[in-house]
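Remarks on the structure that follows.
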């Protein structure tokens with residue numbers, strides 16, 4: 001009677017077989033199966049290796065008379081995983097330091113802002129590229145989430161991409177279920193929930209972006225900011241990123257309740273100009289707007305040039 | 001054993017002028033034996049949307065509970081009532097979730113949409129929606145109901161006339177069906193009020 005031991009990433013299986021050859025074969029089989037199981041089950045929360053193995057090991061390996069001797073005791077890897085706790089933990093002062101740092105990351109990102117007008121919403125951002133060799137037409141910082149909701153960010157671009165992807169999927173799931181376009185508040189809430197989950201899950205870090213979501217639905221024009229912590233606020237006008245304090249002061253002075261969409265676009269351009277290093281042009285800013293037609297559009301460089309000319 | 005004919009049912013909904021009516025029979029049977037004469041098939045989701053379910057009684061009750069649950073959460077989250085079209089899409093999705101082990105009931109949904117425009121629809125047990133402009137029927141008495149409604153219906157009826165029409169159509173159809181009957185339950189819904197009436201027909 002030979003016995004052996006298979007160890008694979010903190011999962012151990014102990015077994016006995018009748019002969020050396022069988023022992024070697026079982027060991028190789030188990031290793032293979034555990035490897036597959038580990039990569040397959042990496043994402044799932046409940047792992048039942050025992051069940052999986054019972055299905056996958058060929059029964060020809062074992063003589064029916066000695067089946068009683070086959071004992072497999074498995075210790076599940078998941079529970080002992082090094083990353084089953086949250087990396088975002090409270091400090092003694094009651095703050096979540098990771099989120100503060102995430103906000104710092106946002107604060108050092110390029111300035112973006114949004115203004116809610118009486119008949120629409122405009123969002124805009126700087127588009128400072130690292131070199132003149134970068135093809136600026138390929139960089140799109142303002143994205144659609146649905147035909148009537150757009151979003152812009154300050155912070156880490158790759159994190160933004162992930163959030164846009166998740167939000168688009170959630171919006172489409174809502175549409176598939178109710179055959180109705182998702183209201184802006186609901187989409188913002190679901191996006192914020194995703195961002196909050198990443199502050200309370202194992203092995204992940206908070207998103208390093210703040211979003212400005214602009215939409216027009218049955219409740220009229222709406223502008224929301226979503227932070228890395230998962231909190232969201234509705235704004236009449238707001239800014240984020242490097243130049244946030246100057247931009248917000250400027251907006252506080254310039255904003256009026258009955259502003260129209262075109263006025264709002266002019267104000268947005270002026271606000272961006274306030275803290276802009278260098279020459280502002282249609283190649284280094286991006287503007288998106290949505291009006292009563294409920295269609296979100298990113299302005300073309302030609303249209304931006306027209307507005308810039310009006311502002312001069 | 002025909003499972004859709006186990007308990008017996010008859011359900012009909014009709015469109016009127018800025019109003020709708022939804023009616024059902026009241027019999028609950030176990031094949032040939034009648035065990036209740038006051039079974040509730042029509043349920044209010046909110047003041048402007050009603051759903052009536054025909055088919056297996058246990059699924060009628062369970063599905064109704066699930067739908068009320070979903071609607072309550074929707075109301076809390078979105079701070080508004082569901083439109084009837086939205087509700088119909090939700091019911092269709094919930095039924096299709098159980099495509100290979102379905103709820104054995106056919107719903108009839110009726111509601112007042114935007115601008116008080118009446119909306120009716122029916123679907124089969126796996127969620128195939130069927131919209132109609134005039135009337136929809138469901139249940140063991142559906143064939144007789146189709147005939148009766150087709151003959152008696154006319155467009156743009158006011159609430160009182162609609163009530164008369166739907167009641168006559170229901171009572172005459174269930175008389176031709178042994179598994180449904182024992183009276184009728186009619187709701188006539190206008191933008192301002194909901195009128196619930198019990199009909200006394202042939203008690204058999």
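Protein chains in written order, with UniProt numbering: chain V, 1 to 312; chain Z, 1 to 204.
Here a beta-carbon is modelled for each residue, glycine too, at the ideal position from N, C-alpha and C.
Give me the chain V residues within the contact set of residue 93/Z, using Cβ-Cβ distance strictly less than 7 Å, ordered along the chain.
177
Do residue 113/V and residue 247/V come within 7 Å of each other at the CB atom, strictly closer than that value?
yes
What's the C-alpha gap between residue 29/V and residue 204/V?
33 Å
Between residue 122/Z and chain V, is any beta-carbon pair separated by less than 7 Å?
no
Contiguous beta strand (DSSP E) assignments of at least 3 residues, all confined to the segment 157-215 of chain V:
As far as the segment 157-215 of chain V is concerned, it has no whole beta strand (DSSP E) run of at least 3 residues.
What does a CB cutoff of less than 6 Å around residue 113/Z pick up in its chain, not counting 5 residues either side in sequence?
83, 84 and 119
On the premise that residue 224/V lies in contact with residue 194/V, defined as a C-beta separation below 8 Å, what is that separation, rounded to the nearest angstrom?
Between residue 224/V and residue 194/V the Cβ distance is about 14 Å, and since that is not below 8 Å, they are no contact.
Using a C-beta to C-beta distance shorter than 9 Å, which residues of chain C count as neighbours of residue 180/V?
Looking for chain C here will not work: the only protein chains present are V and Z.
CB-CB under 8 Å to residue 236/V, same chain, minus the five flanking residues each way: which ones, in chain order?
115, 116, 223, 255 and 257
If the cut is a Cβ gap below 8 Å, which residues of chain Z does residue 186/V touch?
77 and 78
Other residues of its chain near residue 17/Z: CB distance less than 7 Å, five sequence neighbours each side excluded
Correct list, in chain order: 156, 157 and 158.
Between the Cα of residue 282/V and those of 106/V, 124/V and 108/V, spot the shortest distance and give me the residue it belongs to.
For residue 282/V, the closest C-alpha among the options 106/V, 124/V and 108/V is that of 124/V.
Quick one, which of 21/Z, 37/Z, 20/Z and 176/Z has its alpha-carbon nearest residue 28/Z's?
Selection 21/Z, 37/Z, 20/Z and 176/Z evaluated against residue 28/Z yields 37/Z as nearest (Cα-Cα).
Thinking residue 180/Z and residue 55/Z are a contact (beta carbons under 8 Å), I'd like their distance in whole angstroms, please.
The pair is not a contact, with the Cβ atoms about 12 Å apart (cut-off 8 Å).
Please state whether DSSP places residue 292/V in a helix, a strand or coil.
Coil, per DSSP.
Residues of the UniProt domain "Proteasome alpha-type subunits" (83-105) of chain V whose Cβ lies closer than 9 Å to any Cβ of chain Z, in chain order
none
Rounded to whole angstroms, what's the CA-CA distance from residue 90/V to residue 96/V? Just pull it up for me.
The alpha-carbon atoms of residue 90/V and residue 96/V are separated by roughly 5 Å.
Inter-residue spacing [alpha-carbon to alpha-carbon] between residue 291/V and residue 227/V
25 Å
Proximal residues of chain Z, C-beta to C-beta of residue 183/V below 8 Å
Within chain Z, the C-beta atoms nearer than 8 Å to that of residue 183/V come from 78, in chain order.
Collapsed DSSP secondary structure at residue 157/Z in the structure displayed
coil
Going by the CB atoms, is the gap between residue 264/V and residue 151/V shorter than 7 Å?
no
Minimum length 3: unbroken beta strand (DSSP E) runs contained in the segment 83-152 of chain V
112-117, 120-126 and 143-146
Neighbourhood of residue 122/Z by C-beta, 6 Å cutoff - its chain only, sequence neighbours within 5 removed
108, 130, 136 and 138
Do you know how far the Cα of residue 266/V is from the Cα of residue 81/Z?
39 Å
Could you tell me the distance, in whole angstroms, from the CA atom of residue 13/Z to the CA atom of residue 67/Z?
19 Å
Exposed unless 16 or more other CB atoms sit within 10 angstroms - verdict on residue 170/V
Only buried fits residue 170/V, as 16 or more other CB atoms lie within 10 angstroms of its CB.
At which residue ranges does the segment 217-262 of chain V contain complete alpha helix (DSSP H) runs of 4 or more residues, listed in the order of the chain?
244-254
Closest residue to residue 73/Z among 62/Z, 87/Z, 61/Z and 60/Z (Cα-Cα distance)
87/Z
Would you identify the three-state DSSP class for residue 187/Z, choosing helix, strand or coil?
strand
Let me confirm a value: residue 200/Z is counted as buried when at least 16 other C-beta atoms fall within 10 Å, else exposed. Which label applies?
exposed
Given a threshold of 16 other Cβ atoms within 10 Å of its Cβ, counted over all protein chains shown, does residue 83/V qualify as buried or as exposed?
exposed
Compare the C-alpha of residue 104/Z against each of 61/Z, 20/Z and 191/Z and name the closest.
With distances taken between Cα atoms, residue 104/Z lies closest to 61/Z.
With distances taken Cα to Cα, identify the nearest neighbour of residue 311/V among 289/V, 288/V and 280/V.
280/V
Please classify residue 200/Z: does DSSP put it in a helix, a strand, or coil?
coil
Pick out whichever of 71/Z, 4/Z, 53/Z and 178/Z has its Cα sitting closest to the Cα of residue 11/Z.
53/Z
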